[in-house]
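Novice:
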Amino acid sequence: QQQVKQSPQSLIVQKGGISIINCAYENTAFDYFPWYQQFPGKGPALLIAIRPDVSEKKEGRFTISFNKSAKQFSLHIMDSQPGDSATYFCAASMTGTASKLTFGTGTRLQVTL
Amino acid sequence: NAGVTQTPKFRILKIGQSMTLQCAQDMNHNYMYWYRQDPGMGLKLIYYSVGAGITDKGEVPNGYNVSRSTTEDFPLRLELAAPSQTSVYFCASSFEGQPNTEAFFGQGTRLTVV
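Residue numbers (our numbering), protein chains in the order written: chain Z, 40 to 152; chain P, 98 to 211.
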C-alpha cells in the first residue's frame, strides 16, 4: 500500500522554465513533508520541507505548496537550471514514529538547454 | 566532516551467500535507518534504530538483520542472498526523533545478487 503517491514519473523542462512535481498522501497523521534531491550515484539530500500549519514555503527558487484539505503538496522549481537535473522524492513522516520517512516513487527531472 | 559513510560502494553476491553492509556516522545521531531503493519504487524502510541496543523492523525487513552496539555503527546483514535483494541500499541518520529533523543519507551500496 503506497501511502504517498508522486507524479509525474519523469519530467523534461527547458532552462528557465517552471518544474512542478506533485504528491498526495493518505494518512492524515503525517505532519512533516520533506522533499529530497538525489543526483546519480549519490544519496538523497534534503532540499526543502514543510509542516501542515503553513500553506507555502519558499527557499530561493524552490517552493512547496501545501493543501491540507486535499492532502496534496507540490514542489515548484522556478527558473529551472541544468544543474537541477536530478531525481526528486517527496516524503512524509509523523510525530512519535522515530522520524521514519515514507517516500514517493520519485520524479526524474531533466532540464534542457 | 564525513557524515554517513557506507561500505562497500558496490558488491556482487551469489545466491545463498551472506554479507554485511557497513554504515557509520560521526554526527552523534541517535536515530539510524536502512532503506532500499528500487527503480520506480522510491525508498523503502528496512530497519531502524533509535539508539544503541534498540532496533525495530520497517516496511520490508524480511531477509535482513541489523544490530546497533554503538551510537556510530549500524550494520545490515544479509544471511542468504536472493535475487530479490538486488537493490541500492542507503543508510541514514538523524539527530532527534522529531519529524522536523533532517535525515542525512550515505552514498549508498549497490548490491547485485546473481
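Cβ coordinates follow ideal geometry from the N, Cα and C atoms, glycine included. Bear in mind the structure is a predicted one, so any value in this text is a computation, not a measurement.
For Ala26/Z, which residues in chain P fall below 8 angstroms Cβ to Cβ?
Specialist: Given a span of 40 to 152 for chain Z in the structure shown, any question on residue 26/Z remains unanswerable.
Novice: Return yes when the C-beta of Cys188/P is under 7 angstroms from any heavy atom of the ligand MN, and no when it is not.
Specialist: What this structure holds is no ligand at all, so the ligand MN is not there to describe.
Novice: Assess contact between the segment 171-185 of chain P and the segment 117-134 of chain Z, defined as three or more Cβ pairs (one per stretch) separated by less than 8 angstroms. Is contact present?
Specialist: no
Novice: Looking only at C-alpha atoms, which of Thr102/P, Gly113/P, Ala99/P, Gly100/P sits nearest to Thr209/P?
Specialist: Locating residue 209/P in the second sequence gives position 112, where the first residue counts as 1. Closest by alpha carbon: Gly113/P.
Novice: If you count every other CB in all the chains shown that lies within 10 Å of the CB of Gly139/P, and 16 or more means buried, which is it?
Specialist: In the second sequence, residue 139/P corresponds to position 42, counting from 1. Its Cβ being crowded by 16 or more others within 10 Å, Gly139/P is buried.
Novice: Ends of the beta strand (DSSP E) at Ala84/Z?
Specialist: Numbered from its first residue, the first sequence carries residue 84/Z at position 45. It spans 84-89 - the beta strand (DSSP E) in which Ala84/Z sits, taken as one unbroken run.
Novice: Cutting at 7 angstroms between CB atoms, please list the residues of its own chain near Gly155/P, excluding the five before and the five after it.
Specialist: Residue mapping note: residue 155/P aligns to position 58 of the second sequence, counting from 1. Within the same chain, Gly155/P has close Cβ partners Leu142, Ile143, Tyr144, Tyr145.
Novice: Using the Cα positions of Ile89/Z and Ala200/P, report the straight-line distance between them to the nearest angstrom.
Specialist: Taking the first residue of the first sequence as 1, we reach residue 89/Z at position 50. Taking the first residue of the second sequence as 1, we reach residue 200/P at position 103. Cα-Cα distance, rounded: 14 angstroms.
Novice: So, using beta-carbon positions, are Phe187/P and Tyr132/P closer together than 8 angstroms?
Specialist: Numbered from 1 along the second sequence, position 90 holds the residue referred to as residue 187/P. Numbered from 1 along the second sequence, position 35 holds the residue referred to as residue 132/P. Going by C-beta atoms, Phe187/P is nearer than 8 angstroms to Tyr132/P.
Novice: Check whether the Cβ atoms of Val147/P and Gln122/P lie closer than 8 angstroms to each other.
Specialist: For this step, residue 147/P is matched to residue 50 along the second sequence. For this step, residue 122/P is matched to residue 25 along the second sequence. Going by C-beta atoms, Val147/P is not nearer than 8 angstroms to Gln122/P.
Novice: Report yes if the CB atom of Val185/P is closer than 8 angstroms to the CB atom of Pro172/P, and no otherwise.
Specialist: Here residue 185/P corresponds to residue number 88 of the second sequence, with the count starting at 1. Here residue 172/P corresponds to residue number 75 of the second sequence, with the count starting at 1. No, they are not a contact pair.
Novice: For the beta strand (DSSP E) that contains Val174/Z, what are its first and last residues?
Specialist: Since the first residue of chain Z shown is 40 and the last is 152, residue 174/Z is not available in this structure.
Novice: Over what stretch of residues does the beta strand (DSSP E) that includes Arg174/P continue unbroken?
Specialist: Position 77 of the second sequence, counted from the first residue, corresponds to residue 174/P. In the DSSP assignment, Arg174/P falls within the beta strand (DSSP E) that extends over 173-175.
Novice: With 16 as the cutoff for other CB atoms within 10 Å, does Ala99/P come out buried or exposed?
Specialist: Against the second sequence, residue 99/P aligns to sequence position 2. Exposed, by the Cβ-count rule.
Novice: Please give me, in chain order, every unbroken run of the beta strand (DSSP E) with length at least 3 that falls completely inside the segment 65-133 of chain Z.
Specialist: 72-77, 84-89, 95-98, 101-106, 111-116, 125-131
Novice: Quick one: Cα of Ile109/P to Cα of Gln103/P, how far?
Specialist: Walking along the second sequence from the start, residue 109/P turns up at place 12. Walking along the second sequence from the start, residue 103/P turns up at place 6. Near 16 angstroms, if we compare the C-alpha coordinates of Gln103/P and Ile109/P.
Novice: Is Ser184/P helix, strand or coil by DSSP?
Specialist: The sequence position of residue 184/P within the second sequence is 87, counting from 1. The three-state secondary structure of Ser184/P, taken from DSSP, is strand.
Novice: Among Ala109/Z, Phe128/Z, Asp70/Z, whose alpha-carbon lies nearest the alpha-carbon of Gly82/Z?
Specialist: For the purposes of this step, residue 82/Z is taken as the residue at position 43 of the first sequence. Among Ala109/Z, Phe128/Z, Asp70/Z, the Cα nearest to that of Gly82/Z is on Phe128/Z.
Novice: Please list the partners that Val147/P has in chain Z, where partner means a Cβ-to-Cβ separation under 7 angstroms.
Specialist: By one-based count along the second sequence, residue 147/P stands at place 50. The answer, in chain order, is Ala137.
Novice: Does DSSP put Asp170/P in a helix, a strand or coil?
Specialist: As a working mapping, residue 170/P is identified with position 73 in the second sequence. Strand, per DSSP.
Novice: Taking the beta strand (DSSP E) that Ser46/Z belongs to, which residues open and close that run?
Specialist: Position 7 of the first sequence, counted from the start, is the residue given in the question as residue 46/Z. Where Ser46/Z is concerned, the enclosing beta strand (DSSP E) stretches over 43-46.
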